[in-house]
Amino acid sequence: MDKTVNNKAWFLVLPVLVLVAFSAVIPLMTVVNYSVNDTFGNNQFFWAGLEWFEEMVTSSRLHDALGRQVLFSAIILAIEVPLGIFIALNMPKKGFWASLCLVLMALPLLIPFNVVGTIWQIFGRVDIGLLGRGLAAIGIDYNYTNDALDAWITVIVMDVWHWTSLVALLCYAGLQSIAQAYYQAARIDQASRWAVFRYIELPKMQGVLLIAVLLRFMDSFMIYTEPFVVTGGGPGNSTTFLSIDLVKMAVGQFDLGPAAAFSIMYFLVILLVSWVFYTVMTNLDKAEGQ
Amino acid sequence: MAQITLQNLAHSYYPNPQSDKDYALKEMDHVWQDGGAYALLGSSGCGKTTLLNIISGLLRPSHGRVLFGDRDVTDAETAARNIAQVFQFPVVYDTMTVRDNLAFPLRNRGMEAGYIKARVDQIAAMIGMEEMLSRKARGLTADAKQKISLGRGMVREDVNAILFDEPLTVIDPHMKWELRTQLKQLHRQFGHTMIYVTHDQTEALTFADKVVVMYDGRVVQMGTPEELFETPAHTFVGYFIGSPGMNFLDARIEGSRALLAGGGVVDLGAGYGPVSGHSQIGIRPEHALLTDEEGLPVTIRRVEDVGRHRIIRAELNGHAFNLTAPEGLAITPDMTRVVFAPGKVNVYADDWRVTPRAAAAGRAA
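Protein sequences appear in the order of chains G and F.
According to our numbering, the stretch in the first sequence is residues 3 to 292, in order.
According to our numbering, the stretch in the second sequence is residues 5 to 369, in order.
Structural data, given as C-alpha cells:
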C-alpha cells in the first residue's frame with residue numbers, strides 16, 4: 003500500500019514535543035547557555051564560545067576524574083554481574099526459602115543512598131565501627147580516611163553490597179522463566195553443568211542481563227551520594243568521581259561555565275556508552291538469530 | 005539396547021502415602037521387550053508421564069525397581085541409563101545451530117568428530133533438515149524445532165530406549181502423519197525400543213505393536229491393537245478404544261447366557277463360571293447388527309453418517325446403545341431389533357474382564 007504524505011501529521015507529535023521540552027529540553031538548554039557564557043550572577047552573561055569546553059577537554063583534573071570513574075564502573079560491572087548471576091543460580095526456586103531470599107535480597111535496594119553511605123561510613127570507622135575495629139583487632143591495617151586503596155575497597159564493597167541484589171533479582175526472574183523440560187532434556191543429553199549454564203540459562207537471561215548491565219553502568223557512572231558521604235572524595239582526590247568533582251566545581255567554586263561544559267560532556271559520554279552497550283548486545287542477539 | 009522390567013513398581017508424590025488414591029502409579033509388574041514399539045495410551049492425568057519419567061530416570065519411584073536387562077537402574081542417574089526422550093513441547097538449544105543441536109548429545113559423550121558429522125548428516129536427511137543445518141535454531145517454527153528434538157532423540161545409536169512424551173502435539177495434522185510414519189520406519193530400521201505416550205488412540209494404534217492402556221495410575225491392558233479391540237481387559241479399554249466405544253449392559257451371568265437387567269437374554273457363545281460383583285456384558289458397536297427379525301428391541305434416536313459407515317444412536321432397555329451399520333445396508337423403519345455377533349460378547353465383573361470357562365474374576369492385566 004502506498005503511504006500518503008500529509009505534513010499536517012506533524013501536529014500530532016506536538017503534545018509530546020511540548021512535554022519533552024518542559025521536562026528535558028528547556029532545563030538542558032539552560033545548562034547549554036551556561037556552558038557558552040561567562041557569568042558572575044545577576045543574570046549577566048558574557049559570551050565565551052567554546053572556551054569552557056576547550057578548557058575542560060584539556061583539563062587534567064577532569065581526565066583524572068574520568069579515569070577513576072571508568073575504573074570504578076569497570077570494577078563494579080566485573081564484580082556485580084558475575085556475582086549476581088552466581089547468586090541467582092544458587093537461590094532456591096520455590097517455597098519458604100525462596101520468598102525469604104527474595105525479601106533479604108531486596109532489602110539493600112530499599113535503603114536510601116545517603117543512609118547506605120552513612121551506614122558504611124560508621125561501619126568502617128576505626129574508632130567505633132564494627133568493621134574498622136574488627137579488622138584492627140585481627141591485625142589488619144585498615145583506614146579508609148587516609149589510605150587510598152582502603153577507601154577504594156570500602157566504596158566498591160559498599161556498592162556491591164547495595165546493588166548486586168538488583169542484578170541477582172533480574173537474573174532470577176530470567177531463570178524462573180525456563181521450563182523444566184529444558185533441564186530434563188539436558189540431563190538426557192548428558193550436558194555438563196557448564197553446558198546447561200552456557201546453552202540454556204545464559205541465553206534465557208540475555209534480555210535481563212542487558213538491562214542489568216545498562217542500569218548498573220549508568221548508575222555507577224553517575225554515583226555521587228554514597229562515596230561523598232563515606233570519603234567525601236578523599237583521601238586527597240583518590241575517590242573523587244566525576245559527579246563529585248562536578249559538584250565541587252559548580253557549587254563549591256561557583257565555576258558555572260566550566261561546570262556546565264563538564265556536565266554536557268559527562269551526559270554525552272553516558273549516552274554514548276549506553277548506546278554502544280545496547281547496540282552491541284542487541285546486534286549480538288540478531289547475529290545469533292541468523 | 006535392553007529389555008525393560010518394572011518390578012513391583014509404584015509411585016506416590018506424597019512422602020507418606022496412606023491409601024491407594026495417594027499413588028500416582030499403583031503397583032505394577034511389567035516387562036517391555038527389547039526392540040518393541042509401545043504406545044502408552046490413556047487420558048490426561050492417568051500417570052503416563054509419571055511412568056515415562058520413572059523409566060528415563062527423571063523421577064525416582066517410591067516403590068519397586070526398574071531393570072534394564074539384568075541391571076538394576078532404580079537409583080541410576082538419567083545420564084547413566086543411556087535413554088533418549090522427546091518432550092511434548094520442542095526443547096532446542098536456541099543459541100546453537102541446527103547442526104550443533106543434533107551433535108550435542110554425541111559431543112557430550114565424547115564421540116569423535118568424523119563419526120558425529122556422518123551421524124548428524126544422516127539424521128538431518130531423515131528429518132528433512134539438511135538445508136537448515138547451519139541456521140541458528142532460534143526463530144525456527146515450532147514444527148521445525150520439534151523435528152530437531154526428534155532428531156536429537158534419535159541421534160545416538162546405542163540408546164537403551166527412546167521415549168516420546170506426546171511429541172506431535174504442536175505439529176500440524178498433515179506433518180503429524182508424516183512424522184509418525186517416519187518414526188515407524190526408523191523403528192524398523194534401527195530396532196530401538198520405543199515408548200510413545202499419547203492420549204490419541206489413532207496415534208497409538210498406528211504407531212505401536214503393543215499398546216499399553218493406563219487408567220487411574222494402573223496399566224489396565226498391554227496388548228496388540230486387535231486384542232484391545234476384541235477383548236478389552238477392562239471396561240475403560242472398551243470405552244476408550246474404538247469410536248464410538250464399547251456398549252456395556254448390566255446383566256446376570258448364568259453359564260453361557262446373560263440375563264439383562266432390563267429383560268432379555270443374550271447368548272454368550274461360551275460358558276462362564278459363577279460371576280461375583282457388579283456384572284456386565286460388553287459389545288462393540290461393530291459387533292451389533294440391526295435387524296427386522298428376532299433380537300433385542302431397541303429404540304433408534306439418531307443415525308450419523310460418517311462416510312465409511314453409519315453410527316446408529318439407539319436405546320436398549322432405557323440405556324444409550326450404539327451400533328454401526330455398514331455402507332450399503334438400508335435401514336428401514338421396521339428394523340427395531342438388534343442381534344450380537346456370536347462369540348464377540350465379553351463379560352465383566354467389577355469392570356474387569358472375565359475369561360470364559362475359567363475361574364471367575366481373573367484379572368487380565
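Glycine included, C-beta positions come from ideal geometry on N, C-alpha and C.
Under the assumption that residue i contacts residue j (Cβ atoms under 8 Å), give the Cβ distance between them as a whole number of angstroms.
i, j, result
"F/V223", "F/M32", "5 Å"
"F/V241", "F/I257", "About 20 Å; that fails the 8 Å criterion."
"F/A324", "F/Q284", "Actually they do not touch by this definition, with Cβ atoms about 14 Å apart."
"F/F244", "F/D169", "Going by Cβ atoms, the distance from F/F244 to F/D169 rounds to 19 Å, so no, they are not a contact pair."
"G/F230", "G/I246", "6 Å"
"F/T78", "F/L137", "At roughly 39 Å, the Cβ-Cβ gap does not stay under 8 Å, so F/T78 and F/L137 are not in contact."
"F/L232", "F/V215", "6 Å"
CA-CA distance, residue i and residue j?
i, j, result
"G/Q182", "F/S153", "15 Å"
"F/A205", "F/G246", "Here the sequence assigns Gln to residue 205 of chain F, which means Ala is not the residue at that position. In a straight line, the C-alpha of F/Q205 is about 8 Å away from that of F/G246."
"F/D220", "F/G46", "9 Å"
"G/G131", "G/N145", "11 Å"
"F/L44", "G/W196", "34 Å"
"F/P19", "F/K30", "15 Å"
"G/L172", "G/F199", "16 Å"
"G/V253", "G/R70", "21 Å"
"G/T241", "F/T99", "41 Å"
"F/I199", "F/T53", "11 Å"
"F/Q37", "F/M226", "12 Å"
"F/V95", "F/Q150", "7 Å"
"F/N105", "F/E81", "22 Å"
"F/A363", "F/D26", "Low local confidence applies: a pLDDT of 41 at F/A363 is under 50, so the model's placement there is unreliable, and no value is given."
"G/V18", "G/P29", "16 Å"
"G/A201", "F/Y97", "The identity of residue 201 of chain G in the sequence shown is Tyr, whereas the question assumes Ala. If I take the Cα positions, the gap works out to 6 Å."
"G/A67", "G/A100", "41 Å"
Let me know if residue i comes out buried or exposed under the rule of 16 or more other beta-carbons within 10 Å of its beta-carbon.
i, result
"G/M31", "exposed"
"G/S25", "exposed"
"F/Q189", "exposed"
"F/A237", "buried"
"F/A122", "exposed"
"G/Y184", "buried"
"G/V27", "exposed"
"F/I287", "buried"
"G/T6", "exposed"
"G/H65", "exposed"
"F/P65", "buried"
"F/S16", "buried"
"F/R192", "exposed"
"F/A334", "exposed"
"G/I142", "exposed"
"G/I140", "exposed"
"G/Q46", "exposed"
"F/Y119", "exposed"
"F/Q22", "exposed"
"G/F98", "exposed"
Cβ closer than 7 Å: which chain G residues qualify as neighbours of residue i?
i, result
"F/D98", "P205"
"F/V95", "A183, Y184 and A187"
"F/T82", "R189 and I190"
"F/L137", "Within chain G, no residue comes near F/L137; the closest Cβ sits about 13 Å away, beyond 7 Å."
Would you say the beta carbon of residue i comes nearer than 8 Å to a heavy atom of the ligand NAP?
i, result
"G/G141", "With respect to the ligand NAP, the structure offers nothing, as it holds no ligand at all."
Going along chain G in order, which residues have a C-beta closer than 9 Å to the C-beta of residue i?
i, result
"F/P171", "Residues of chain G passing the Cβ test: none, with the nearest at roughly 12 Å."
"F/S48", "The premise fails here: F/S48 is roughly 17 Å from chain G at the closest Cβ pair, so nothing lies under 9 Å."
Taking residue i as the reference, give the member of the options with the closest Cα.
i, options, result
"G/A187", "F/K180, F/S60, F/R357 and F/A334", "F/S60"
"G/I266", "G/F279, G/W54, G/G254 and G/Q123", "G/W54"
"F/W356", "F/F252, F/R312 and F/L327", "F/F252"
"F/R341", "F/P94, F/E298 and F/M226", "F/E298"
"F/V201", "F/E182, F/Q186, F/D176 and F/L167", "F/L167"
"G/I180", "G/L111, G/E203 and G/D191", "G/E203"
"G/T281", "G/M107, G/L106 and G/L216", "G/L216"
"F/F72", "F/N86, F/L63 and F/L62", "F/N86"
"G/A153", "G/L109, G/V232 and G/I225", "G/V232"
"G/S276", "G/L177, G/W165 and G/S75", "G/S75"
"G/Y268", "G/V83, G/M58 and G/M93", "G/M58"
"F/R156", "G/T147, G/D161, G/R135 and G/D191", "G/D191"
"G/L111", "G/I272, G/L168 and G/G43", "G/L168"
Starting from the beta carbon of residue i, find every residue of chain F whose beta carbon is closer than 8 Å, and list them in chain order.
i, result
"G/D191", "F108, P109, N112 and R156"
"G/I202", "Y97"
Of all the CB atoms in chain C, is at least one closer than 9 Å to the CB of residue i?
i, result
"G/S194", "Of the protein chains in the structure, G and F, none is chain C."
Can you pull the chain G neighbours of residue i, defined as C-beta to C-beta under 8 Å?
i, result
"F/A88", "I190"
"F/F91", "A183, Q186 and A187"
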